[in-house]
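Undergrad:
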Amino acid sequence: MGLTITVTLAALIGAIALLHFSWAFGGDWPAPKGGNLAIYVTAGTRRPGRAITLAVATAIAVAGLVVAASRAKVPAPWDMLAAGAYFVVTLVFFGRGVAGYFPALWRRAEGLPFHRINRVFYSPLCLVIGAGLAINILIL
Numbered sequence: 677m678g679l680t681i682t683v684t685l686a687a688l689i690g691a692i693a694l695l696h697f698s699w700a701f702g703g704d705w706p707a708p709k710g711g712n713l714a715i716y717v718t719a720g721t722r723r724p725g726r727a728i729t730l731a732v733a734t735a736i737a738v739a740g741l742v743v744a745a746s747r748a749k750v751p752a753p754w755d756m757l758a759a760g761a762y763f764v765v766t767l768v769f770f771g772r773g774v775a776g777y778f779p780a781l782w783r784r785a786e787g788l789p790f791h792r793i794n795r796v797f798y799s800p801l802c803l804v805i806g807a808g809l810a811i812n813i814l815i816l
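Residues 677 to 816 in the working numbering are what the sequence shown spells out, letter by letter.
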């Protein structure tokens with residue numbers, strides 16, 4: 677069961693990274709064709725630049741790799757580094773999930789589609805991933 681959870685979480689995080697890579701190279705989903713992607717995926721109205729989007733996509737991809745590698749036996753002292761990286765990934769997903777419910781952080785987004793999508797989809801997804809990562813580490 678633990679391997680299934682690990683693979684599922686790594687694949688989900690990988691899919692999120694791929695989505696961010698697609699945005700970096702002009703993809704527009706989930707915006708309607710010809711729509712402004714930024715109002716669906718950011719708290720603003722300007723699409724982030726390619727460099728920052730690539731940096732975020734790369735960070736998410738690395739997080740997916742950390743999760744995928746979490747079942748590998750790693751020799752000391754690298755085992756502590758791997759455990760620390762997994763812990764950081766878990767905290768980041770929990771933090772992003774919880775942050776979605778702090779109104780002060782998202783005031784700029786009020787009235788934009790992102791505001792609703794963040795509370796209904798993005799933040800709960802991050803909380804589920806964070807919880808999955810926490811449960812996964814307990815059954816390693």
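For glycine and all other residues, C-beta sits at the position ideal for the given N, C-alpha and C.
Helix, strand or coil for Asn794? Go by DSSP, reduced to three states.
TA: Residue state, collapsed to three classes: helix.
Undergrad: For Arg726, report the span of its alpha helix (DSSP H) as first-last.
TA: That run of the alpha helix (DSSP H) goes 726–744.
Undergrad: Using CA coordinates, which residue listed in Leu688, Thr680, Leu679 is at the minimum distance from Pro804?
TA: With the sequence shown as reference, residue 804 is identified as Val, and Pro is not the correct amino acid for it. Selected option, being the one with the closest Cα: Leu688.
Undergrad: At what residue ranges does the stretch 680–710 contain a whole run of the alpha helix (DSSP H), taking only runs of 4 or more?
TA: The stretch 680–710 contains no whole alpha helix (DSSP H) run of 4 or more residues.
Undergrad: Out of Ala714, Arg726, Val768, which has the shortest C-alpha to C-alpha gap to Ser799?
TA: Looking at the Cα atoms, Val768 is the closest of the given residues.
Undergrad: Please tell me whether Gly720 and Ile815 are closer than 8 Å, where the distance is taken between their beta carbons.
TA: No, the pair does not count as a contact, with Cβ atoms beyond the cut-off.
Undergrad: Excluding the five sequence neighbours on either side, which residues of its own chain have a C-beta within less than 8 Å of the C-beta of Arg795, listed in chain order?
TA: Within the same chain, Arg795 has close Cβ partners Gly776, Tyr777.
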